[in-house]
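When the letters of the sequence shown are read in order and numbered with my numbering, they come out as residues 306 to 404.
The structure appears below as C-alpha cells.
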Amino acid sequence: MNSSQTKGWGSVGRILIKKFGKRYATQVLPKKIYSKMPKFVKKKISQKNFVAGWSTYVLLSPLDEMKSGVSQFLQKKGVPRMIANSAGYIAQEMVWAII
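Here's what the structure looks like:
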C-alpha cells in the first residue's frame, strides 16, 4: 500500500477502477459485498438498490470514510444503525483486503 492509500487520499472508486477496471468496481464488487451482508440488510434492500447506492455513496467517498458511506446509505434505507455499522465494516474490510 502506498502512502496515499494509508492516509485515505483519493476516492474508493478511483483506487478500485485503477486497480481492477470500471466494470469490476461498479458492478462485480458491490454484488460480492452484498452477498456477505447480514440477512436483515438483504431484507431491507435489494441487490440492485445496493449496487446503485454503492456507486453513489461509496465509490465517491475517501477510502478511510467508506464504512461511514455504507452505514449512512443503509440507514437511509431503514436499516438500524447498529446493523448498518456492522455492514459498513464488512464492506470496508473486504475492500481493504483486495487493495
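Cβ atoms here follow ideal geometry from the backbone N, Cα and C, with glycine treated the same way.
Straight-line gap, residue i to residue j (C-alpha atoms, nearest Å)
| i | j | result |
| --- | --- | --- |
| residue 332 | residue 404 | 17 Å |
| residue 329 | residue 364 | 12 Å |
| residue 345 | residue 373 | 18 Å |
| residue 321 | residue 327 | 8 Å |
| residue 335 | residue 356 | 6 Å |
| residue 340 | residue 393 | 13 Å |
| residue 367 | residue 380 | 19 Å |
| residue 400 | residue 319 | 13 Å |
| residue 324 | residue 317 | 11 Å |
Minimum C-alpha distance to residue i - residue among the options
| i | options | result |
| --- | --- | --- |
| residue 383 | 347, 338 and 317 | 347 |
| residue 249 | 353, 340, 378 and 319 | One cannot answer for residue 249 here, as it falls past the ends of the chain, which runs 306 to 404. |
Residues sharing a beta bridge with residue i, DSSP
| i | result |
| --- | --- |
| residue 367 | 316 |
Residue span of the alpha helix (DSSP H) that contains residue i, given as start and end
| i | result |
| --- | --- |
| residue 346 | 344-349 |
| residue 404 | Run containing residue 404: none; DSSP gives neither H nor E here. |
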